[in-house]
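These protein sequence lines map, in sequence, to chains A and B.
Position in the first sequence (from 1) plus 6 gives the number in the numbering used here.
Position in the second sequence (from 1) plus 6 gives the number in the numbering used here.
Protein chains: 2
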Amino acid sequence: MAAAVLFAVRHGVDELATRGVSPPSLVVVLVGSNPASNSYITKKLQAAKECGILARKHALPETASEAEIVQAIQTLNATDEVHGIIVQLPLPTHVHAPAVTEAVMHAKDVDGFTMQSLGSVICNGQDPYFCPCTPKGCMRLIESAMGDSSLRGLEVVVIGASNIVGVPMGLLLLRAGCTVTTCHIGTRDVAAHARQADILVVAVGKAGLVGRDWVKPGAIVIDVGINFVSDPSKKSGQRMVGDCADEVRQVAGHLTPVPGGVGPMTVAMLMQNTLEARRRAAGFNAALPAAAPGQDEANALEA
Amino acid sequence: MAAAVLFAVRHGVDELATRGVSPPSLVVVLVGSNPASNSYITKKLQAAKECGILARKHALPETASEAEIVQAIQTLNATDEVHGIIVQLPLPTHVHAPAVTEAVMHAKDVDGFTMQSLGSVICNGQDPYFCPCTPKGCMRLIESAMGDSSLRGLEVVVIGASNIVGVPMGLLLLRAGCTVTTCHIGTRDVAAHARQADILVVAVGKAGLVGRDWVKPGAIVIDVGINFVSDPSKKSGQRMVGDCADEVRQVAGHLTPVPGGVGPMTVAMLMQNTLEARRRAAGFNAALPAAAPGQDEANALEA
């Protein structure tokens, strides 16, 4: 599915080119050198390349002050050649992250992390800005699992209440007509809630948190967790897993794998948002051209 | 409680005066002449007068175009003497309401209806703008009912998912540590959810929706509904009621009355937001001075 999105984005970039519009341009602001951040950025730059988006890293030293980072973002805000700006998190501890993410101008906020973008999710996308990429990608996965069935009236449980995943995820599903319960570390009995869910979204970051007894048979389970557990059979000595135990697949109707599930969809949605930013900057409406009918999703990039 | 808030606002206005700062100024933009709107505006102007806020109505004709309304708001945005601007809803049907409410600049958005203000609720108030008045007032009522007990881990059900009441209400309670379920017209079994709630907030607008069998014994019930039912014993032929049937008081631990519950708290929170806007415009921090210790809430305005 992520490949199909990237394919559609490439199609959109090509279509802009036929109208004489230059490719979308994305800048990833990185402060310091977190190894995980470098790995994520590599994936984003690779995805951008695959769909014709010009993406580059704008690296600042670990010692950069908050004011210096904000200044760098403001320079990118003022540059017409840049259409999307994201700040790779986490930032060094001496920096107040919200002050930095909020500095990205709304029209270039392709991560959807600013307050105006988040508020737009409450208002059901009434303004022309961007939905955060992870919940947007999860929505695509859920809609795909639902096929032609309506989400209206389904019971949803979201475990995790972060600003950029759990809360906007719940809001998107609420606006799609679901009844949404948001659980978190303070919830008295998460399992009891989870067992009621037709759709269960888990975004906690705790390997094996969700066992099969937490899942209603046939439920759609979206695993947003990224955890590393030791695995002597791997060269690195560790293995990436989600928040769901393996046994969940025995009861779930649908389960996203980790790795290879939500992660690639998140990156793909970032590319889609960047294309949308470019289209708006060029004065086109934001709607993404539909993928070609009958497009084989798994092989989309080979087509 | 509303009177105590107004008293504290009056104290804050007086304190500003001792520093040579002029009173807060609030403008209510009214388009056309909806009788209910006039009644609400009268209450707001009266509350403002009680606490020393300069408030006035800015009336536009029913036929005003969206562009004319937005232009009027922009003029108020640009006027230093105006600290808070609200748009009385509903607007005439030929006007796209979100385009109008979004025109209010964030620093004067004392109703908290703009996307940036709503986004700030997701982010736990990380920016200096305003929380919508009704959910903010409901939080005060809930905290008062809780006394010294923590909200953390309590089960909350919010019935109603509007942008300006249900959704921000759920977010405020989520950020206070509650487990929050949001129900609405599409929910399969609202009663089953409601019966699990330690705190039940009802914001639907349907008289008698919630009966005693929907309420967990001892629950805190916040009734945001405003409905009119026929009552021949009244001169007007009708009576204002909430969304809860009278019998709810037999089982609820706390229940807000209608009228006289959430409504006055909403107006009081508008005054508090307007004072905050004035304080910020004058370069002070936004914290409201605490009410005098031991203040008798019921008699606050007579003190």
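Even glycine gets a Cβ: it sits at the ideal position worked out from N, Cα and C.
From a predicted model like this one, the values you see are computed outputs, not experimental measurements.
Per-residue burial, B/S156 [other beta carbons within 10 Å of its own, 16 or more giving buried]: By one-based count along the second sequence, residue 156 of chain B stands at place 150. Counting Cβ neighbours within 10 Å, B/S156 comes out exposed, since fewer than 16 surround it.
In whole angstroms, give me the CA-to-CA distance for B/A182 and B/I148. Taking the first residue of the second sequence as 1, we reach residue 182 of chain B at position 176. Taking the first residue of the second sequence as 1, we reach residue 148 of chain B at position 142. Rounded to whole angstroms, B/A182 to B/I148 spans 11 Å at the Cα level.
Mind reading off the beta-carbon distance from B/V37 to B/V101? Whole number of angstroms is fine, and I expect it under 8 Å. Reading the second sequence from its first residue, position 31 is the one you call residue 37 of chain B. Reading the second sequence from its first residue, position 95 is the one you call residue 101 of chain B. 7 Å between Cβ atoms; contact.
Residue-chain proximity (A/H100, chain B), Cβ-Cβ < 9 Å: For the purposes of this step, residue 100 of chain A is taken as residue 94 along the first sequence, with counting starting at 1. No, its Cβ sits nowhere closer than 9 Å to a Cβ of chain B.
Find the nearest neighbour of A/R245 within the set A/G211, A/T99, A/V171 and A/V235, judged by alpha-carbon distance. Numbered from its first residue, the first sequence carries residue 245 of chain A at position 239. Comparing Cα positions, the closest option is A/V235.
Which of the three DSSP states is assigned to A/K50 in this structure? Numbered from 1 along the first sequence, position 44 holds the residue referred to as residue 50 of chain A. In this structure, A/K50 counts as helix in the three-state DSSP scheme.
Give the single residue among A/L261, A/G172 and A/S31 whose Cα lies nearest to the Cα of A/C139. The count along the first sequence starts at 1 and reaches residue 139 of chain A at position 133. Taking only the C-alpha atoms, the option nearest A/C139 is A/G172.
Which class does B/I79 belong to by DSSP, given the choice of helix, strand or coil? Working through the second sequence from its first residue, we reach residue 79 of chain B at position 73. Residue state, collapsed to three classes: helix.
With a cut-off of 8 Å on the beta carbons, I'd call A/L60 and A/V35 a contact; round off their distance for me. Translated into the one-based positions of the first sequence, residue 60 of chain A becomes position 54. Translated into the one-based positions of the first sequence, residue 35 of chain A becomes position 29. Their Cβ separation, rounded to whole angstroms, is 15 Å, which puts A/L60 and A/V35 out of contact at 8 Å.
Given A/L177, which residues of its chain have a CB within under 7 Å of its CB, disregarding the five upstream and five downstream residues? Walking along the first sequence from the start, residue 177 of chain A turns up at place 171. Cβ within range, chain order: V127 and I128.
Can you check whether the C-beta of B/C184 is within less than 9 Å of a C-beta belonging to chain A? As a position in the second sequence, residue 184 of chain B is number 178, starting the count at 1. Judged by the 9 Å Cβ criterion, B/C184 is in contact with chain A.
Note down the Cα distance separating B/N279 from B/P174, rounded to an integer number of angstroms. Reading the second sequence from its first residue, position 273 is the one you call residue 279 of chain B. Reading the second sequence from its first residue, position 168 is the one you call residue 174 of chain B. Roughly 16 Å separates the two Cα atoms.
For the alpha helix (DSSP H) containing B/M271, list its first residue and its last residue. Looking up residue 271 of chain B in the second sequence gives position 265. Per DSSP, B/M271 belongs to the alpha helix (DSSP H) from V268 to A287.
Can you name, in chain order, every residue of its own chain whose Cβ lies under 6 Å from the Cβ of B/P223, other than the five neighbours on each side? Counting from one through the second sequence, the residue named residue 223 of chain B turns up at place 217. The answer, listed in chain order, is V257.
Report all residues from its chain with a CB closer than 7 Å to the CB of A/F119; omit the five preceding and five following residues, and keep chain order. Sequence index remark: in the first sequence, residue 119 of chain A carries index 113 (1-based). Excluding positions up to five away in sequence, the list reads T107, P138 and I170.
Contacts that B/C57 makes with chain A (C-beta to C-beta distance below 8 Å): Residue 57 of chain B sits at position 51 when you count from the first residue of the second sequence. Simply none; closest approach about 29 Å.
By DSSP, does B/L95 sit in helix, in strand, or in coil? Here residue 95 of chain B refers to the residue found at position 89 when the second sequence is read from its first residue. Three-state result, B/L95: coil.
For A/R245, which residues does DSSP report across the bridge? Stepping through the first sequence from its first residue, residue 245 of chain A is reached at position 239. Partner(s): A/V235.
DSSP three-state call for B/C250: helix, strand or coil? Numbered from its first residue, the second sequence carries residue 250 of chain B at position 244. Of the three classes helix, strand and coil, the one that applies to B/C250 here is strand, per DSSP.
Here's a check: name, in chain order, each residue in its chain whose Cβ is nearer than 6 Å to the Cβ of B/A274, leaving out the five neighbours to either side. Sequence index remark: in the second sequence, residue 274 of chain B carries index 268 (1-based). Cβ neighbours of B/A274 beyond the five flanking positions: A8, V11 and L12.
In terms of residue numbering, what span does the alpha helix (DSSP H) encompassing B/R146 cover? Residue mapping note: residue 146 of chain B aligns to position 140 of the second sequence, counting from 1. Per DSSP, B/R146 belongs to the alpha helix (DSSP H) from C139 to M152.
In angstroms, rounded to a whole number, what distance separates the CA positions of A/V33 and A/T48? For this step, residue 33 of chain A is matched to residue 27 along the first sequence. For this step, residue 48 of chain A is matched to residue 42 along the first sequence. Spanning the two alpha carbons is a distance of roughly 13 Å.
I'd like to know whether the C-beta of A/C139 is nearer than 9 Å to at least one C-beta of chain B. Residue 139 of chain A sits at position 133 when you count from the first residue of the first sequence. It does not: the Cβ of A/C139 has no partner Cβ on chain B nearer than 9 Å.
Would you kindly work out how many angstroms separate the C-alpha atoms of B/Q202 and B/V164, rounded to a whole number? Taking the first residue of the second sequence as position 1, residue 202 of chain B is located at position 196. Taking the first residue of the second sequence as position 1, residue 164 of chain B is located at position 158. Distance between the alpha carbons of B/Q202 and B/V164: 12 Å.
Of all the CB atoms in chain A, is at least one closer than 9 Å to the CB of B/M5? Not covered by the structure: residue 5 of chain B. The range shown for chain B is 7 to 309.
Less than 9 Å separating the beta-carbons of B/I92 and B/V116? Translated into the one-based positions of the second sequence, residue 92 of chain B becomes position 86. Translated into the one-based positions of the second sequence, residue 116 of chain B becomes position 110. Yes, these two residues count as a Cβ contact at 9 Å.
Secondary structure at A/L157, three-state DSSP: helix, strand or coil? Along the first sequence, one-based indexing puts residue 157 of chain A at 151. Three-state DSSP puts A/L157 in coil, outside helix and strand.
Cβ neighbours of A/A310 in the same chain (closer than 6 Å, five flanking residues each side left out): Lying before the first or after the last residue shown, residue 310 of chain A is absent from chain A, which here runs from 7 to 309.
Starting from B/S126, find everything on chain A with Cβ-Cβ shorter than 8 Å and list it in chain order. Residue mapping note: residue 126 of chain B aligns to position 120 of the second sequence, counting from 1. In chain order: M121 and G125.
Between the stretch 201-229 of chain A and chain B, which residues of the former have CB atoms less than 9 Å from a CB of the latter, in chain order? none
Cβ-Cβ distance between B/D249 and B/G211 below 9 Å: One-based indexing of the second sequence puts residue 249 of chain B at position 243. One-based indexing of the second sequence puts residue 211 of chain B at position 205. Yes, these two residues count as a Cβ contact at 9 Å.
Cα-Cα separation, B/L180 to A/C189: Indexing the second sequence from 1 puts residue 180 of chain B at position 174. Indexing the first sequence from 1 puts residue 189 of chain A at position 183. Rounded to whole angstroms, B/L180 to A/C189 spans 9 Å at the Cα level.
If we cut at 9 Å on Cβ distances, does A/P96 have a partner in chain B? Sequence index remark: in the first sequence, residue 96 of chain A carries index 90 (1-based). It does not; no Cβ of chain B falls within 9 Å.
In chain order, what residues of the same chain lie with their CB nearer than 8 Å to the CB of B/L51, ignoring the 5 residues before and after it? Residue mapping note: residue 51 of chain B aligns to position 45 of the second sequence, counting from 1. Around B/L51: V34, A61, R62 and K63.
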